[in-house]
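Inspection log for the structure reproduced underneath, given as structure tokens.
Protein chains: 2
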Amino acid sequence: MALDTVDPIAWARPLFQIDDDAPIYLDGNSLGMLPRRSLERVTEVVTEEWGRRLVRSWGSWVDLPTDVGDLLATHLLGAAPGQTVVSDATTVNLYKLASAALDARPGRSVVVSDRANFPTDRYLLQGLAQARGMELRLVDFPDLGGPDPSLLRPHLGTETALVSLSHVDYRSGALADMGAINELIHASGALSLWDLCHSVGAVPIELDRTETDLAAGCTYKYLNGGPGSPAFLYVRQELQRSLRQPIWGWFGQADQFAMGQGYNPLPSIARFQTGSPSIVGIALVEAGTGLLAEIGIEAIRAKSLELTSFLIDLYDSWLAPLGLELATPRDPARRGSQVCLRHPDAYRICRVLVSEAAVIADFRAPDRLRFGCAAPTTRFVDVYDAMLRLRKVVQGGQYMSIDPEPEQVT
Amino acid sequence: MALDTVDPIAWARPLFQIDDDAPIYLDGNSLGMLPRRSLERVTEVVTEEWGRRLVRSWGSWVDLPTDVGDLLATHLLGAAPGQTVVSDATTVNLYKLASAALDARPGRSVVVSDRANFPTDRYLLQGLAQARGMELRLVDFPDLGGPDPSLLRPHLGTETALVSLSHVDYRSGALADMGAINELIHASGALSLWDLCHSVGAVPIELDRTETDLAAGCTYKYLNGGPGSPAFLYVRQELQRSLRQPIWGWFGQADQFAMGQGYNPLPSIARFQTGSPSIVGIALVEAGTGLLAEIGIEAIRAKSLELTSFLIDLYDSWLAPLGLELATPRDPARRGSQVCLRHPDAYRICRVLVSEAAVIADFRAPDRLRFGCAAPTTRFVDVYDAMLRLRKVVQGGQYMSIDPEPEQVT
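Top line first, the protein sequences correspond to chains A and B. Everything in the first sequence is counted per my numbering, starting at 8 for the first residue and increasing by one. Everything in the second sequence is counted per my numbering, starting at 8 for the first residue and increasing by one.
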């Protein structure tokens, strides 16, 4: 396809393991593809670092969480070094940061989030609010808009301790204005906590410039770190020493190997670690992040917007007439790297797309098809073919024979 | 060596990656060796499950944490299925369980542990106690004994909410009597939380029979799961539904992929999960655990006791006369699978052992050399040669030229 021949980052796709007969994969926003270098790296870590050097490798492993954190920060988060660490699951990191934020705003009784926020974010905030007798206020934003600053403002006040939002909405792909929202949050005296799962590696992020307080995100989507790979967290430099990370573990302890009495956390971002870091997992994050750093986030974003715009053009021509509804902002500046289409039979259509049309997308309850455009691996021809096949599936109506009961998809 | 020729589990060592010229490794209690099958398994997970099947693999991955938990439970923990899950770091698991236990004993104000307990255990209990205005009572047990029930009893009472101890002491290797201690704990109305890091895979554990309430442990020592591999946790069946796991994440949620409003935890052990599990890490845990299950924990324990007894015999003959002090119980029934020797220059001796005598042991502040005997990989000749070389290092005195400042070892 002509668009692919002029793609300036077309060289990146062969760096991933993609079989010639592979299905069209539009779910890199759920689990990113395998960089070829990742298998090499994991083999090296397992056979050489673990297998041969054994416990002696800890001399270098011990800095891996902050080293890979800095790699990520510098290339993809718009953050100076010393503020990011790769550690634990996203949920655990959000918990640590939210708990620390609530401790830092005593006397304030409200946590604000988005009712459409990713479930784990809502659940953990609900748990923390319940344990502390606080209110979790879930704001209803219009479906396509994400957290609009003007709609958020009335919910912020002197009682607000923390505002926790997603940078890119996991369903609609709406992209929030972090700078404007952080300004509002700070005006109320609250702290901001951003979930970057659906933006990191796809959208340029400017944590320092937007004066973000706290952030966390996963590494298994656009960062291609592998299933359930360790997540990252960011804490603004000035806040680090004043925050109380709730899970006091030996990897957050100053002079860790003195095994001393009494917790005395490190004066750095490393204090937000808990137990022994998952070295094999972090090495895979390093491989995936390093590859994105070489491609460059600006080039990724440029191609991503072309891909999603192309998808929306095809939607307009082929799918709107069939009754599918666009559930992603049309304004490129307001969307991430995915496009959602709504249809009452989205679940069944998704099943047929995967099983009979060799298009892997995902279903998001109750009625959305989600197509992720991971710029390093997705070609324009993939988007074209996928929409063509989607049209055929919807027109053909064979999805009607599928059991409508949703099963587990991720 | 004759003892090796009659070793009934000598067949296991070739199943690990061990070079002919490898140093003598007596640190499997810190980081276990690499099973050959683990590289095969990780390659399969990365290239096939992740690389080729991509997000479709979640259909099987989603049960991996509880499946591997059950494998571990059945073969190594003396626990019926449905009570164990592989998830997060040990520190995070201990935090979840301790927090849940404290919530389950409202009005009780004291947490009891061992002043010699592993640092992360003490730190996280200190953090939880501080957050709740409770007292952390650290009991001083005699150096060699571990938590003696008769010395523990006076510290338990109607104010005790939780007692958290290690099954095997990380320095002395003293083995606690879980059954007797659980009985005392329950008599006081408190809950028990055991750290199994230094016993799992080396010592038979009987969580069900001893009526343990809660337990957690790592998988990177005797289970050979690799550096920082995901940990496990156990919650007694009857307690599961009544406990409030503090980190509410989407992998603990019933009907997870409905992405619904409001946290409604699963009715099973899976509610103790948080975020997306680390699949590559858990697959490595499965490989290591499966191998130990094939060898059999009784055979492992029998050889382990012969190894540590042999080491102590050599100590008596060669090292006691040089002033080293045995810091591990002589009674085999009261020790795990490691032996500690004390010497004022332990740090420097350890450095020379590693760098000049090709013996990898570890140093534990302030004055201990720790030798772990991982039965599947350690031969009697390894113990013999290591003690011979240790004698030579101590006699030769060349360690005196080493900088006495401890550096990081794990």
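Note that beta-carbon positions come from the ideal geometry of N, C-alpha and C, so glycine has one too.
Chain A within 7 Å of residue i, Cβ atoms only
{"i": "L22/B", "result": "no"}
{"i": "S283/B", "result": "yes"}
{"i": "Y102/B", "result": "yes"}
{"i": "N286/B", "result": "Asn is not the amino acid found at residue 286/B; the sequence shown has Ile there. Yes, contact with chain A."}
{"i": "W255/B", "result": "yes"}
{"i": "M266/B", "result": "yes"}
{"i": "Q133/B", "result": "yes"}
{"i": "L71/B", "result": "no"}
{"i": "D176/B", "result": "no"}
{"i": "T418/B", "result": "Residue 418/B lies beyond the residue range present for chain B, which begins at 8 and ends at 417; the question has no answer from this structure."}
Proximity test, residue i beta-carbon vs the ligand PLP heavy atom, cut-off 6 Å
{"i": "D95/A", "result": "Among the components modelled here there is no ligand, and therefore nothing to report on the ligand PLP."}
Beta-bridge pairing of residue i - partner residues as DSSP gives them
{"i": "I31/A", "result": "V366/A"}
{"i": "V92/A", "result": "L240/A"}
{"i": "L423/B", "result": "Given that chain B is displayed from residue 8 to residue 417, the structure contains no residue 423/B and the question cannot be resolved."}
{"i": "L143/B", "result": "V118/B"}
{"i": "L172/A", "result": "W201/A"}
{"i": "F378/A", "result": "V346/A"}
{"i": "L424/A", "result": "Given that chain A is displayed from residue 8 to residue 417, the structure contains no residue 424/A and the question cannot be resolved."}
Candidates the options: closest to residue i by CA position
{"i": "W257/A", "options": "R243/A, S249/A, P284/A, A183/A", "result": "P284/A"}
{"i": "S120/A", "options": "L83/A, V170/A, R160/A", "result": "V170/A"}
{"i": "I286/B", "options": "P234/A, R337/A, L250/A, P274/A", "result": "P234/A"}
{"i": "E56/A", "options": "G39/B, L101/B, R59/B", "result": "G39/B"}
{"i": "H174/B", "options": "E166/B, S106/B, G153/B, I319/B", "result": "G153/B"}
{"i": "F23/A", "options": "G208/A, A334/A, A294/A, A183/A", "result": "A294/A"}
{"i": "H193/B", "options": "F264/B, E47/B, M141/B, R160/B", "result": "R160/B"}
{"i": "A306/A", "options": "D215/A, I16/A, T50/A", "result": "I16/A"}
{"i": "H162/A", "options": "A340/A, L143/A, G180/A, L151/A", "result": "L143/A"}
{"i": "A107/A", "options": "W255/A, V53/A, A327/A, A9/A", "result": "W255/A"}
{"i": "S316/B", "options": "D202/B, F125/B, F387/B", "result": "F387/B"}
{"i": "S236/B", "options": "T98/B, T81/B, H82/B", "result": "T98/B"}
{"i": "A265/B", "options": "S206/A, D374/A, M185/A, D262/A", "result": "D374/A"}
{"i": "R398/B", "options": "T384/B, D14/B, I356/B", "result": "I356/B"}
{"i": "L131/B", "options": "L101/B, A123/B, P149/B, P156/B", "result": "L101/B"}
{"i": "R122/A", "options": "Q133/A, R112/A, S116/A", "result": "Q133/A"}
{"i": "L395/B", "options": "Q268/B, L318/B, A238/B, P149/B", "result": "L318/B"}
Minimum Cβ-Cβ distance from residue i to chain B less than 7 Å
{"i": "L333/A", "result": "no"}
{"i": "R405/A", "result": "The residue asked about is misnamed: residue 405/A is Gln in this sequence, not Arg. No, because no Cβ of chain B sits closer than 7 Å to the Cβ of Q405/A."}
{"i": "A108/A", "result": "no"}
{"i": "P234/A", "result": "yes"}
{"i": "L61/A", "result": "yes"}
{"i": "T417/A", "result": "Only weak support is given to the placement of T417/A: the predicted model assigns it a pLDDT of 45, under 50, and the value that follows is read from those uncertain coordinates. Yes, its Cβ sits closer than 7 Å to a Cβ of chain B."}
{"i": "D27/A", "result": "no"}
{"i": "A372/A", "result": "yes"}
{"i": "D34/A", "result": "yes"}
{"i": "G58/A", "result": "yes"}
{"i": "V117/A", "result": "no"}
{"i": "S344/A", "result": "no"}
{"i": "T315/A", "result": "no"}
{"i": "P126/A", "result": "yes"}
Cα-Cα separation between residue i and residue j, rounded to whole angstroms
{"i": "D147/B", "j": "A168/B", "result": "19 Å"}
{"i": "G403/A", "j": "A364/A", "result": "12 Å"}
{"i": "R139/A", "j": "A138/B", "result": "11 Å"}
{"i": "G343/B", "j": "I367/B", "result": "19 Å"}
{"i": "S324/A", "j": "D369/A", "result": "22 Å"}
{"i": "L298/A", "j": "Y227/A", "result": "14 Å"}
{"i": "L109/B", "j": "G58/B", "result": "43 Å"}
{"i": "V416/B", "j": "L61/A", "result": "Residue placement at V416/B is flagged as unreliable, the pLDDT there being 44, under the threshold of 50; the coordinate-derived value follows with that caveat. V416/B and L61/A: Cα-Cα distance of roughly 12 Å."}
{"i": "H350/A", "j": "L291/A", "result": "37 Å"}
{"i": "G288/B", "j": "E51/A", "result": "15 Å"}
{"i": "S311/A", "j": "L250/B", "result": "45 Å"}
{"i": "L333/B", "j": "A340/B", "result": "16 Å"}
{"i": "D128/A", "j": "D389/B", "result": "51 Å"}
{"i": "G269/B", "j": "N124/A", "result": "12 Å"}
Quick check: the region 238-250 of chain A against the region 293-307 of chain B, are at least 3 beta-carbon pairs closer than 8 Å?
no
Three Cβ pairs or more, each shorter than 8 Å: is that satisfied between the region 345-360 of chain B and the region 19-28 of chain B?
no
Does the region 89-97 of chain B come close enough to the region 224-243 of chain B to have 3 or more Cβ pairs within less than 8 Å?
yes
Taking contact to mean 3 or more Cβ pairs, one atom from each stretch, closer than 8 Å, check whether the region 63-74 of chain B and the region 268-280 of chain B are in contact.
yes
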